[in-house]
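Chains as they are written, first to last, in our numbering: chain Y, 1 to 357; chain V, 1001 to 1297. We treat Cβ as the ideally placed atom computed from N, Cα and C, and that holds for glycine.
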């Protein structure tokens, strides 16, 4: 493995504790901290457009990490993640509007509510797997979408629900600039939790279930418990991401959480790399930036006649959708391990240059 | 209780259900012979219907010629799709295979919207009379025709798998790939042909539905309605697909009746199949006719 050869000379591990550290080396840990600090400087350096993009990336990345825990680490398939994402958005707005619990607290509460719903739809997972599970979660997607349109007490029906802005100790977060730091906080927190989860007994049980569920069961891992738990954790992440989305936009409408968004979530983790926390973040960045890059690409190409024709400008929304589908297909054919694997290779190349083998 | 309406709806359900059955059959065909779950089945209908529309309206061909060209196109399309996109996926984990077909699905859905527009288009009139009177009920001619075509396709499938050489080769491959290959069956050809046949028959179904309802991206919804049907019937059973399709068609229309007469929820008929799907998965995951697979370590 590339990871093994990347270790510096003389770095021997003598305990299991050392072997399961979050960061392989001190250098990587320092680099990660520096990276977070650098990201925290973004609002001072770059303009509002990039701040907005980062906020989008952060709430999608949190939800995508949940999906990766379910799909990449536990080997279950979910086609209904967008519905859970939406449920979190509605739940947080509903908790905040009806009980007056502050938003900062209603976000994790919404996560817990979504986890409960996720477990409900994960119940078939106790008996079925693989393809059957994919179809069951597809049904969950449609049933929840229908629920959003119907349950007016909860979602406001076709009018949608208003979500209050986040309030941190009496300070209302209204603009992108301050929301940026809230989203950065949640992003780092949820990713640390996610990485930590994989070092625990439960995290190893997830991986065992993924690798061979029958062997895992024979080893004494309770399949039903861990499958349900994985569904719950995944929905919790989706709920938190969705709640942030709702409070960021200030308004949640039932239309936004379609199967296409579910597919985009799956696209994020496939492009990033299944079973890789770091890859999830990369995949989300890719998926959020792809339409933006295409848009600026088309406007840059508009000096040519064919690119400024109505077929291209009017069809831009469809071209973006096609690009999402195409990106998923191409990654699966040419780089099934995702960007995380590609990143490892690039690092290995530079590290070992010029004697790469 | 409004019996006349109920009867009319049940008849509709039977006709729509046989169409679901046909599409479900195509789905099962691909699953059985290549172990690939095709989430892009609905887009086959969409492409078939739009291509036929392009031949008929934009090139103003006569119906039979346009229809024939569409069939040829769909066949080539299925083969090329299998060769270019799905052949590299052989042996990949199930999540990758599912995602490739989902990727294909959104790609083609967006592509058809881009090329043909998002509005509903109608075919030129094929039949003289709009509807005929049968046992005191008005039935559209196109419905009758779609029912006849569905039955015809089903009979064709029966003949194909029972008597034709290729059909037997496909059944052998579905039964055991290695043994089939050692007996001289080209598994590659079988894979390509099953995609071709599936695309072709789905294309016909798309044209038929397009004649009744008009051609629009709503056609791809059928590809999702297929899942309740196949799960109900059993994923690897062709008979099950037909039975499941008919049951789902009847169920949808019964739900519409109950909804319209008593509940007034609005869209029960489109969501009811998914509740059924969840229930079946909980109590009988392998469906009515599916084979239960036994796993060994």
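Whole angstroms are fine: how far does the CA of residue 126 (chain Y) sit from the CA of residue 221 (chain Y)?
13 Å
How many Å lie between residue 330 (chain Y) and residue 1095 (chain V) at the Cα?
Taking the straight line from one Cα to the other gives about 15 Å.
Which one of Y:348, Y:85, Y:326 has the shortest CA to CA distance from residue 1099 (chain V)?
Y:326
Beta-bridge partners of residue 1121 (chain V), as assigned by DSSP:
V:1215
Can you pull the chain V residues whose beta carbon is under 8 Å from the beta carbon of residue 221 (chain Y), in chain order?
Against chain V, a Cβ distance below 8 Å from residue 221 (chain Y) picks out nothing, because the smallest value is about 14 Å.
When the cut-off is 9 Å and only beta carbons count, does residue 1105 (chain V) lie next to chain Y?
yes
Since residue 43 (chain Y) is in the alpha helix (DSSP H), which residue starts that stretch and which ends it?
42-45
To the nearest angstrom, how far is the alpha carbon of residue 3 (chain Y) from that of residue 1252 (chain V)?
Low per-residue confidence applies at residue 3 (chain Y): pLDDT is 49, beneath 50, and the placement is therefore not dependable enough to give any value.
In chain order, what residues of the same chain lie with their CB nearer than 8 Å to the CB of residue 40 (chain Y), ignoring the 5 residues before and after it?
181, 184
Of the residues Y:208, Y:192, Y:202, Y:243, which one's Cα is nearest the Cα of residue 21 (chain Y)?
Measuring from the Cα of residue 21 (chain Y), the nearest candidate turns out to be Y:192.
Taking only runs of the alpha helix (DSSP H) that begin and end inside the stretch 89-173 of chain Y, which ones reach a length of at least 4 residues, in chain order?
103-122, 130-150, 152-155
Quick check on the burial criterion: 16 or more other C-beta atoms within 10 angstroms. Buried or exposed for residue 106 (chain Y)?
buried
Quick one: Cα of residue 1054 (chain V) to Cα of residue 1072 (chain V), how far?
14 Å
Bounding residues of the alpha helix (DSSP H) (the contiguous stretch that carries residue 60 (chain Y))
48-68
Through-space distance from residue 1108 (chain V) to residue 50 (chain Y), alpha-carbon basis
31 Å
Kindly list, in the order they appear in chain V, the residues whose Cβ is closer than 8 Å to that of residue 333 (chain Y).
1085, 1088, 1089, 1100
Listed in chain order, which residues of the stretch 1034-1048 of chain V have Cβ atoms closer than 7 Å to some Cβ of chain Y?
1037
Closer than 8 Å at the beta carbon, the chain Y residues around residue 1282 (chain V)
Those within 8 Å of residue 1282 (chain V) in chain Y are 123, 124, 127.
Can you pull the chain V residues whose beta carbon is under 8 Å from the beta carbon of residue 336 (chain Y), in chain order?
1092, 1096
Is the stretch 229-242 of chain Y touching the stretch 110-117 of chain Y, taking contact as three or more C-beta pairs under 8 Å?
yes
Can you find a C-beta in chain V that's less than 9 Å from the C-beta of residue 159 (chain Y)?
no
Local Cβ density within 10 Å of residue 1 (chain Y), reported as buried at 16 or more and exposed below that:
Because the pLDDT of residue 1 (chain Y) is 36, which lies under 50, any placement of that residue in the model is unreliable, and the question is left without a value.
Which ranges would you report for the alpha helix (DSSP H) in the stretch 161-249 of chain Y if only whole runs of at least 4 residues count?
176-197, 201-211, 213-218, 223-249
If we require 4 or more residues per run, which alpha helix (DSSP H) segments fall completely within the stretch 1071-1111 of chain V?
As far as the stretch 1071-1111 of chain V is concerned, it has no whole alpha helix (DSSP H) run of at least 4 residues.
Residue 194 (chain Y) versus residue 68 (chain Y) - alpha carbon distance:
10 Å
What span of residues does the alpha helix (DSSP H) with residue 1258 (chain V) cover, start to end?
1238-1258
CB-CB under 7 Å to residue 1255 (chain V), same chain, minus the five flanking residues each way: which ones, in chain order?
1268, 1269, 1272
If I'm right that residue 1243 (chain V) touches residue 1288 (chain V) with Cβ under 8 Å, what's the distance once you round it to whole angstroms?
7 Å
Quick check: what's the CA-CA separation for residue 57 (chain Y) versus residue 349 (chain Y)?
29 Å
Option in V:1015, V:1141, V:1049, V:1177 with minimal Cα separation from residue 1091 (chain V)
V:1177
Classification of residue 1120 (chain V) by the beta-carbon crowding that lies within 10 angstroms, buried from 16 upward
Burial call: exposed.
Below 8 Å between beta carbons is the criterion; list the residues of the stretch 273-284 of chain Y that meet it against any residue of chain V, in chain order.
274
Is it true that the CB of residue 271 (chain Y) sits closer than 9 Å to the CB of residue 328 (chain Y)?
For residue 328 (chain Y) and residue 271 (chain Y), yes; Cβs fall inside 9 Å.
Note down, in chain order, every chain Y residue with its Cβ under 9 Å from the Cβ of residue 1275 (chain V).
139, 143
What span of residues does the alpha helix (DSSP H) with residue 1012 (chain V) cover, start to end?
1003-1034
Quick one, are the C-beta atoms of residue 1219 (chain V) and residue 1042 (chain V) less than 9 Å apart?
Inclusion of residue 1219 (chain V) and residue 1042 (chain V) in the CB contact set at 9 Å is warranted, their separation being smaller than that value.
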